[in-house]
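**Q** Questions regarding the structure given below will be posed in turn.
Number of protein chains: 2
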Amino acid sequence: MATIRDVAKMAGVSISTVSLAFSAKGRVSPDTHQRIWAAAQTVGYVPNPLAQGLKSGRSRLIGMVVGDISNPFFGRLLKGVERTALAHNHMVIVSDSDADAKQELAIIDQLTEQRVAGIILSPHGNAPDYVERIKGLKMPLVMVDHRVPSVEADFVGSDNVLASAMLTEHMIRYGHRRIAHIAGRAGLYTTSQRLKGFLETMQGAGIEVDQSLVADGDYRGERAYAEAMRLMTRADRPTAILAANNVMALGALQAINDLGFICPTDISLTSIDDVPWGNVIQPRITMVVQQVDELARIASEWLLERIRARGGDAIPPREHILMPQLVVGQSCAAPSTQ
Amino acid sequence: MATIRDVAKMAGVSISTVSLAFSAKGRVSPDTHQRIWAAAQTVGYVPNPLAQGLKSGRSRLIGMVVGDISNPFFGRLLKGVERTALAHNHMVIVSDSDADAKQELAIIDQLTEQRVAGIILSPHGNAPDYVERIKGLKMPLVMVDHRVPSVEADFVGSDNVLASAMLTEHMIRYGHRRIAHIAGRAGLYTTSQRLKGFLETMQGAGIEVDQSLVADGDYRGERAYAEAMRLMTRADRPTAILAANNVMALGALQAINDLGFICPTDISLTSIDDVPWGNVIQPRITMVVQQVDELARIASEWLLERIRARGGDAIPPREHILMPQLVVGQSCAAPSTQ
DNA sequence: GGCGCTGATCGAACCGGTTCGACGCGCAAT
DNA sequence: ATTGCGCGTCGAACCGGTTCGATCAGCGCC
């Protein structure tokens, strides 16, 4: 591979001049600039990012840490981020924390070692020492989906309170009063927000919430299947279920089917988050969807801004809360008057 | 961040000795080794990968290039690769080629610039100059899913001929003779292999294939929807459809539903590749599934082997063809005798 | 004619590692 | 006592860039 010295030799200048010519802000004469560019062209010179990174202390890579890459929500998010990054001459190191705070921190350490220019993080911790570690990060940071309060960094997410409020309201209007909620993993931001939206809406409608109908989930299908089984086999079973995410809604739906119940005749079901190819799942589940592409675009652009502005005028922490959208399917009906 | 010089100073040795102590194969006395390690511990020294990379000419990153990260098949693949890489102290740069050969080459160039240690590639080209470019790669390379023949590199994939043969045979046994095939994107390895399995099995059963029932797809849902629409609105419509991948099967299923047909009563449908949460899609689609985790494990381990053996005894190109597995659902029935 | 100034270019140090040849030392062989 | 050898350690060069201070040519001006 051609180095800066090859270019210098061919153009008949010193290597510092070549470097200057490439750094744009350099004050090289138009003539020299021209000669250097031509030389670089013919030898096929491309700056070595490792050398640049060694000197500058940071690479042209950005890290993305999510809880589960195989979840299509994050897949789409990653795709959007990667596209933006590439357009700005950056590449993306992606890593899967398995939704575990400890692994997440280990990954962040690795990324720091690699001198990534910044990190897009879907945080999964809340313990005090975890928060301290995140706070202590010296590099550009944007949090997506989940958030760690007290950390002064950009945040891009959806209005999760509103999301579950919309669905809860929807079900209440159908006449449901015994509505169950399969919540997300305890301790996560989205979990508490979605629970909050559910509880507040119920209260606002003057419906007392049966606490035993609020099941702890973990954003995974298996657990939701089990919880739905438990809910549906009770004598005083709910007439509607709000699942805190897509995967859990599908788990619940499977439990419903396996027990021989019919959705929505026997039970209504709603979900937060899109279900991939939800339109071929019978019944189409009524859900609120997040604007994933927009999420990805804002998160990556903000990160790149911070990377560019590094050292310069500090950008104050920003947040962008996207409005979720209700997509009505056929999974809701009035409660059966048995 | 602590550097090797800090450690050297604290341990009272030269930096070369510290380097030697860390490279394992170094011949340092146990006593010195001990002192250096202790010093590294207290100052929190971690080698700078950029400096190491600059000197050695390659980083501890591996590139992964796929056609569509948001497709759960690749999401799972990525997850497996990332896990293995992390266990071997490597990180993964992932990039999405949008199933386009040109973009793929551009990404490979970027990865080469970054001095990645190796690449896991799902190739999407077949033109001669494309093949030359891939052949010319000097770094460890493992191809997954798709393959470019004539390129001497490891390949890990599934037996695609067998995959479609299994499904075709399955449908023939139900009594189907007018079986349609929605093929993958023209020019791709898996596309031709899957088509081959279909045609051979039909021939083997003595059934003449109506060429107009072989539709060109592109592994995307929209196109498959359109093709299924076209197929199903013909007077002499097929009684069964074999879709070349999961996304297309769902597209086809949607077309079937939208037209008011019932699967499997009116039309049987089978698919290659897993459908995420396929068990809540009605009907459960009969499909062959690939062993994605195994695919990921072998691909990443082979790549890491090559990275480790770099310069050493050259490993001859290997290939591993995984056996797909038939998962019977409820999407097939005997053709209606109208 | 000597002065300072400006703009273009250059040399050298530096980033943080790896690696090769050299060196000093103790010990066995001659 | 001298030589040869192996082991542990070290100094210095090098990877390929960036950047700062120095240099130099050309210029207008007193």
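Chains as they are written, first to last, in our numbering: chain A, 26 to 363; chain B, 26 to 363.
We put the beta carbon where it would ideally sit given N, CA and C, even for glycine.
1. Could you give the first and the last residue of the continuous beta strand (DSSP E) run that contains A/F180?
2. Check the Cβ-Cβ distances between A/I144 and every residue of chain B, and say whether any is below 9 Å.
3. Using a Cβ-Cβ cut-off of less than 8 Å, give me the residues of the segment 106-129 of chain B that come near chain A, in sequence order.
4. Please report how far the alpha carbon of B/A64 lies from the alpha carbon of A/Y250, in whole angstroms.
5. Spell out whether any CB of chain B is found under 9 Å from the CB atom of A/A65.
6. To the nearest angstrom, how far is it from the Cα of A/V117 to the Cα of A/E107?
7. Of all the residues that make up the segment 276-298 of chain B, which are near chain A by a beta-carbon distance shorter than 8 Å?
8. Leaving out five residues before and five after B/L329 in sequence, what residues of the same chain have Cβ atoms less than 6 Å from its Cβ?
9. So, do the segment 176-191 of chain B and the segment 217-227 of chain B have three or more beta carbon pairs nearer to each other than 8 Å?
10. Check the Cβ of A/V305 against every Cβ in chain B and list those closer than 8 Å, keeping chain order.
11. Measure the C-alpha to C-alpha separation of B/A33 and B/T42 and round it to an integer number of angstroms.
12. Assuming A/G182 contacts B/S95 (C-beta within less than 8 Å), just tell me the rounded distance between them.
13. By the criterion of Cβ-Cβ separation under 8 Å, what are the contact partners of B/K104 in chain A?
14. Taking the alpha-carbon positions, what's the B/A253 to A/Q236 distance?
15. For a contact meaning CB atoms closer than 7 Å, what does A/R140 contact in chain B?
16. With distances taken from CA atoms, which of B/D170, B/T295, B/G242, B/G246 is nearest B/R346?
17. Going by beta-carbon coordinates alone, are A/A324 and A/L162 separated by less than 9 Å?
18. Roughly how many whole angstroms lie between the Cα atoms of B/S120 and A/I159?
19. Between A/S122 and A/G92, how many whole angstroms is the CB-CB distance? I'm expecting something under 8 Å.
20. So, B/L11 versus B/I306, is the Cβ gap smaller than 9 Å?
21. Is the CB of A/Q350 under 9 Å away from at least one CB in chain B?
22. Rounded to the nearest angstrom, what separates B/A265 and B/P349 at their Cα positions?
23. Determine the burial state of B/P174: buried for a count of at least 16 other Cβ atoms within 10 Å of its Cβ, exposed for fewer.
24. Output yes if chain B places a C-beta closer than 9 Å to the C-beta of A/L45; else output no.
25. Compute the beta-carbon to beta-carbon distance between A/D179 and A/M168, rounded to the nearest angstrom, for a pair I have assumed lies under 8 Å.
26. Kindly confirm or deny that the segment 66-81 of chain B and the segment 135-147 of chain A touch, where touching means at least three C-beta pairs closer than 8 Å.
27. What is the rounded straight-line gap between the Cα of B/A358 and the Cα of B/I310?
28. Indicate whether at least one CB of chain B lies closer than 9 Å to the CB of A/R101.
29. If B/L136 and B/G105 are in contact, beta carbons under 8 Å, what's the gap, nearest whole angstrom?
30. Under the three-state reduction of DSSP, which class applies to B/E157: helix, strand or coil?
31. Take B/E319 as the anchor and find which of B/M35, B/F98, B/S84, B/P360 has the nearest alpha-carbon.
32. Listing by chain order, which chain A residues have their CB less than 8 Å from the CB of B/L79?
33. Which residue or residues does DSSP assign as beta-bridge partners of A/D241?
34. Candidates A/G78, A/S84, A/D31, A/L79: which alpha carbon is nearest A/W62's?
35. Between which two residues does the beta strand (DSSP E) carrying B/D121 extend?
36. Considering Cα atoms alone, identify which of A/P165, A/T67, A/E129 is closest to A/L86.
**A** According to the structure data:
1. 179-183
2. no
3. E107, R108, L111, M116, V117, I118, V119, S120, D121
4. 52 Å
5. no
6. 6 Å
7. L278, Q279, N282
8. H113
9. yes
10. L275, L278, Q279, N282, I306
11. 8 Å
12. Wrong, their Cβ atoms sit about 19 Å apart, outside the cutoff.
13. D93, I94, S95, D121
14. 48 Å
15. L75
16. Going by the sequence as given, residue 346 of chain B is Ile instead of Arg. Closest by alpha carbon: B/D170.
17. no
18. 27 Å
19. 6 Å
20. No statement about residue 11 of chain B is possible, as the shown extent of chain B runs from 26 to 363 and does not include it.
21. no
22. 21 Å
23. exposed
24. no
25. 7 Å
26. yes
27. 12 Å
28. yes
29. About 20 Å; that fails the 8 Å criterion.
30. helix
31. B/F98
32. N73, L75, A76, L79
33. According to DSSP, which records beta bridges pairwise, A/D241 is partnered with nothing at all.
34. A/D31
35. 116-121
36. A/P165
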